[in-house]
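Shown next, in structure tokens, is the structure this report addresses.
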Amino acid sequence: MTTYKFTPPYCDEPVPVKVDTNDNRFFEVCFEERCSQWEFHWENDDGGWARNPQTGMLHKFYIYVVEENIHLWLDGYLWHIERETPQAKRRQGATGEKEVGDITAPMPGNVLKILVNQGDTVEPNQPLVIMESMKMEMTLSAPAKAWVSEITCEPGQLVEMNTVLVKMEAVKDEPVLS
Amino acid sequence: MFRRVLIANRGEIAVRIAQTLQEMNIEAVAVYSDADANAKHVMVANRAYPLGGLTPAESYLDTEKILNIACKAGVDAIHPGFGFLSEKADFAKACKDAGIVFIGPSPDAIEVMGDKIASKLEMQEANVPVVPSWTGDPDDTQALEKAAEELGYPILVKAAAGGGGKGMRVVQDASELEAAVDGAKREAEKAFGDNRVFIERYITKPRHIEFQIFGDTHGNVVHLFERECSIQRRHQKIFEETPSPALTPELREAMGKAAVEAAKAIDYVNAGTVEFILDDEGRFYFLEMNTRLQVEHPVTEMTTGQNLVRAQLLVASGEPLPFKQEDLTQTGHAIECRIYAEDPDNQFFPSTGKIAVYHEPVGPGIRVDSGIRQGDEVTIHYDPMLSKLIVWDKTRNAALEKIRWALKNYVILGVTTNIGFLRDLVWHPALRAGNIDTHFLERHSIISKVDEERREEAMAITAMALKSRRPVDTGAQASESGNTTSAPWFQAGSWRNV
Numbered sequence: 001m002t003t004y005k006f007t008p009p010y011c012d013e014p015v016p017v018k019v020d021t022n023d024n025r026f027f028e029v030c031f032e033e034r035c036s037q038w039e040f041h042w043e044n045d046d047g048g049w050a051r052n053p054q055t056g057m058l059h060k061f062y063i064y065v066v067e068e069n070i071h072l073w074l075d076g077y078l079w080h081i082e083r084e085t086p087q088a089k090r091r092q093g094a095t096g097e098k099e100v101g102d103i104t105a106p107m108p109g110n111v112l113k114i115l116v117n118q119g120d121t122v123e124p125n126q127p128l129v130i131m132e133s134m135k136m137e138m139t140l141s142a143p144a145k146a147w148v149s150e151i152t153c154e155p156g157q158l159v160e161m162n163t164v165l166v167k168m169e170a171v172k173d174e175p176v177l178s
Numbered sequence: 179m180f181r182r183v184l185i186a187n188r189g190e191i192a193v194r195i196a197q198t199l200q201e202m203n204i205e206a207v208a209v210y211s212d213a214d215a216n217a218k219h220v221m222v223a224n225r226a227y228p229l230g231g232l233t234p235a236e237s238y239l240d241t242e243k244i245l246n247i248a249c250k251a252g253v254d255a256i257h258p259g260f261g262f263l264s265e266k267a268d269f270a271k272a273c274k275d276a277g278i279v280f281i282g283p284s285p286d287a288i289e290v291m292g293d294k295i296a297s298k299l300e301m302q303e304a305n306v307p308v309v310p311s312w313t314g315d316p317d318d319t320q321a322l323e324k325a326a327e328e329l330g331y332p333i334l335v336k337a338a339a340g341g342g343g344k345g346m347r348v349v350q351d352a353s354e355l356e357a358a359v360d361g362a363k364r365e366a367e368k369a370f371g372d373n374r375v376f377i378e379r380y381i382t383k384p385r386h387i388e389f390q391i392f393g394d395t396h397g398n399v400v401h402l403f404e405r406e407c408s409i410q411r412r413h414q415k416i417f418e419e420t421p422s423p424a425l426t427p428e429l430r431e432a433m434g435k436a437a438v439e440a441a442k443a444i445d446y447v448n449a450g451t452v453e454f455i456l457d458d459e460g461r462f463y464f465l466e467m468n469t470r471l472q473v474e475h476p477v478t479e480m481t482t483g484q485n486l487v488r489a490q491l492l493v494a495s496g497e498p499l500p501f502k503q504e505d506l507t508q509t510g511h512a513i514e515c516r517i518y519a520e521d522p523d524n525q526f527f528p529s530t531g532k533i534a535v536y537h538e539p540v541g542p543g544i545r546v547d548s549g550i551r552q553g554d555e556v557t558i559h560y561d562p563m564l565s566k567l568i569v570w571d572k573t574r575n576a577a578l579e580k581i582r583w584a585l586k587n588y589v590i591l592g593v594t595t596n597i598g599f600l601r602d603l604v605w606h607p608a609l610r611a612g613n614i615d616t617h618f619l620e621r622h623s624i625i626s627k628v629d630e631e632r633r634e635e636a637m638a639i640t641a642m643a644l645k646s647r648r649p650v651d652t653g654a655q656a657s658e659s660g661n662t663t664s665a666p667w668f669q670a671g672s673w674r675n676v
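Below you can see the structure in the form of structure tokens.
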């Protein structure tokens with residue numbers, strides 16, 4: 001009997017999954033007290049099928065595991081499942097910064113141009129950095145009014161995805177003179 | 179006919195061209211950058227020569243290197259594919275000067291049509307309808323603003339040397355104009371080495387309909403019907419089909435005739451594409467002409483039964499076109515989806531990584547033109563298009579059902595792709611009704627939801643997979659050095675805690 005903890009998409013808490021087998025062909029899988037029987041077969045190095053003996057339903061799968069990240073193709077749909085990582089707050093797709101903070105590279109690529117200087121106060125949607133990757137140019141803009149505290153990249157630099165490019169701090173709106 | 183042909187390209191198009199060359203008993207010569215040393219397009223060739231370098235400028239765009247190899251390898255002709263040198267008149271001319279046939283149109287035709295300003299003037303003279311535009315000096319801010327006002331917002335800023343959406347900006351009002359022109363100029367300089375831009379009226383609800391045309395050196399020009407390419411993101415096509423659900427037989431005939439007139443006006447030879455914008459009242463305007471084989475050419479091949487690369491080779495070697503206009507018919511319906519390494523959940527930004535698991539769908543009426551295989555690395559150096567999935571069936575609806583099945587059975591793990599997005603796109607009610615235009619993806623959001631009821635199934639199968647595999651700890655770093663033949667399963671080295 002082995003217990004795994006998986007965090008599937010749109011779940012914040014890891015789910016314990018118990019799995020047991022005697023022959024690597026027939027399995028019992030339990031979520032808490034709910035158990036199901038399965039027949040399981042590897043078709044090749046990276047995928048195979050699982051069959052529910054009660055209903056006869058077959059599920060085709062391919063799987064690729066990188067560290068804690070499990071990429072599962074199941075019957076035509078992709079699942080990204082995290083294994084044993086409680087900090088599941090950061091979800092894919094939620095990378096666009098809505099709040100002031102660090103501006104990070106949304107893709108791997110080349111820093112083309114930096115349009116602001118350290119110490120600048122920038123307005124919402126003001127262009128900060130121009131990046132380029134695979135021949136496409138992309139402008140990264142300020143999500144809100146902010147103060148540029150540090151520039152952590154330089155033109156021509158190759159950066160990985162999520163590299164911090166510009167550090168920013170929130171500024172309060174200046175008092176309106178009456 | 180040629181004995182040996184150099185393919186000055188990479189990826190799926192180089193693979194596709196090599197196959198037709200070999201079918202015709204012509205040797206295929208590949209060239210490759212350092213980044214592509216193990217690439218599929220090298221493996222499928224008969225001979226291969228290194229170009230060195232990583233960036234396109236150091237490799238596939240380096241005219242001198244490519245011509246030197248062509249001479250050394252003793253080739254009769256060069257096929258440029260699309261992108262890279264395919265629309266560089268200088269390159270076509272340099273080939274000619276070196277005594278090598280350039281498989282494509284004349285340098286003059288490339289030059290005229292490559293210049294979006296000159297081509298429109300040329301087409302106006304040939305009585306082909308064009309979109310109203312202004313081609314003055316965009317640095318003259320006052321004149322620019324006045325012209326934009328006269329054309330009426332929204333307007334479109336386009337690169338004179340453009341293509342593929344690069345150097346293109348939509349401007350909603352005057353306040354955005356200057357920044358858009360600057361951005362377009364910079365992007366155009368980068369992509370084409372030519373920063374000239376112009377502005378034109380932006381047609382709302384436009385459909386992108388293009389006609390495949392073909393000319394030979396004996397004065398024949400025909401069209402091979404239309405391709406509808408209205409589904410675009412960032413002005414780049416991702417879904418193409420033929421026939422277009424928007425064309426009546428009368429409109430098809432009128433547009434086909436205009437396309438042939440356009441080609442005849444510049445004595446066009448070899449394969450080309452005349453792109454039109456069709457507005458919601460059935461009026462069409464010449465947009466531009468692509469003087470090369472097009473990415474989406476397979477849908478035309480599937481419905482006409484013609485091999486366009488074969489025809490290109492025949493025409494380039496001086497033979498007449500293997501078909502006459504009256505021989506050509508459209509049979510059934512074909513659809514192409516472009517498979518990109520990009521993240522639809524993150525503004526379609528390109529993604530990179532190793533293709534760890536790769537399985538193509540197979541079946542009657544399914545064609546995959548691919549430049550990749552399992553274990554390949556997707557780098558930032560080149561266009562993120564990995565492959566093209568093309569299907570044919572008797573009706574549009576059957577073709578949509580088939581491509582959805584094929585997308586669901588196209589497995590790529592390790593690199594984020596748009597496959598799931600395309601799977602849901604082809605099932606969108608508006609698309610299935612044929613109700614599409616180039617703003618489709620701005621209007622309709624394609625949300626790929628996971629079926630929550632299947633969550634436990636997914637976790638159960640993952641648990642069984644982890645439990646039943648107890649691979650040796652291979653050490654994650656051991657497999658980092660390029661394409662090895664070891665199974666990808668073990669390459670992650672991530673199974674230690676099983």
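Residue numbers (our numbering), protein chains in the order written: chain U, 1 to 178; chain F, 179 to 676. Note that the Cβ used here is the ideal one computed from N, Cα and C, for glycine as well.
- DSSP places Ala251/F within a helical segment (H, G or I) once states are collapsed to three.
- For Arg194/F against Val540/F, the beta-carbon gap comes to about 17 Å, at or over 8 Å, which does not count as contact.
- The shortest CA-to-CA distance from Leu456/F to any of Leu402/F, Val447/F, Met433/F and Ile288/F is the one to Met433/F.
- At a cut-off of 7 Å between C-beta atoms, Glu137/U counts as an interface residue with respect to chain F.
- Among the bridge pairs identified by DSSP, Ile409/F is matched with Phe417/F.
- Taking a Cβ-Cβ threshold of 7 Å, the residues of chain F close to Phe31/U are Glu634, in chain order.
- In this structure the stretch 448-464 of chain F touches the stretch 369-384 of chain F; the number of beta carbon pairs closer than 8 Å is three or more.
- Under a 10 Å Cβ-count criterion, Arg34/U is classified as exposed, with fewer than 16 other Cβ atoms of the shown protein chains found around its own Cβ.
- Using a 10 angstroms sphere on the CB of Asp293/F, the tally of other CB atoms reaches 16 or more, which defines it as buried.
- Taking CB atoms only, Leu78/U has a neighbour in chain F less than 7 Å away.
- Between Asn117/U and Gly345/F, the alpha-carbon positions lie close to 26 Å from each other.
- Contacts with chain U (Cβ-Cβ distance below 7 Å) from the stretch 582-599 of chain F involve Lys586, Asn587, Val589, Leu591, Gly592 and Gly598, listed in chain order.
- Interface annotation for the stretch 529-549 of chain F against chain U: Ser529, Thr530, Ala534, Val535 and His537, criterion Cβ-Cβ distance under 8 Å.
- Using a 10 angstroms sphere on the CB of Gln54/U, the tally of other CB atoms stays under 16, which defines it as exposed.
- In the three-state reduction of the DSSP assignment, Lys344/F falls in the strand class, which pools E and B.
- Assigned with DSSP and collapsed to three states, Met467/F falls in strand.
- Using a Cβ-Cβ cut-off of 7 Å, Tyr560/F is close to Met134 of chain U, given in chain order.
- With a threshold of 7 Å between beta carbons, Lys266/F makes no contact with chain U.
- Scanning Ile295/F, Gly252/F and Pro258/F for the CA closest to the CA of Asp240/F turns up Pro258/F.
- Restricting attention to Asp102/U, Trp73/U and Met1/U, the CA atom closest to the CA of Pro143/U is found in Asp102/U.
- The beta-bridge partner set that DSSP reports for Lys586/F is empty.
- Between Ile590/F and Tyr536/F, the gap from beta carbon to beta carbon is short of 7 Å.
- At least one C-beta of chain F is nearer than 7 Å to the C-beta of Leu74/U.
- A Cβ of chain U is located within less than 7 Å of the beta carbon of Met637/F.
- Neighbours of Phe262/F across chain U, judged by C-beta separation under 8 Å, do not exist; the nearest C-beta is about 11 Å away.
- At least one C-beta of chain U is nearer than 7 Å to the C-beta of Ser646/F.
- DSSP places Met138/U in the uninterrupted beta strand (DSSP E) bounded by Met136 to Ser141.
- Within the same chain, Pro16 and Lys18 come within 6 Å of Thr3/U by CB-CB distance, once the 5 residues on both sides are set aside.
- Take Lys113/U, set aside five residues on each side of it, and the residues of its chain with a beta-carbon closer than 8 Å to its own are Val129, Ile130 and Pro155, in chain order.
- Leaving aside the five residues that flank Leu158/U on each side, the residues in its chain whose CB is nearer than 7 Å to its CB run, in chain order, Asn110.
- Using a Cβ-Cβ cut-off of 7 Å, His41/U does not count as an interface residue toward chain F, since no Cβ of chain F sits closer than that to its own.
- Residue-level contact by beta carbon holds for Val628/F and chain U, with a gap shorter than 7 Å.
- Secondary structure in the stretch 294-355 of chain F: the alpha helix (DSSP H) runs of 4 residues or longer, each lying completely within the stretch, are 294-303 and 319-329 in chain order.
- For Asp547/F, the enclosing beta strand (DSSP E) starts and ends at Ile544 to Ser548.
- Here DSSP, grouped into helix, strand and coil, assigns Ile444/F to coil.
- In its chain, beyond the 5 residues on either side, His386, Glu388, Lys415, Glu418 and Glu474 have a beta carbon closer than 7 Å to the beta carbon of Cys407/F.
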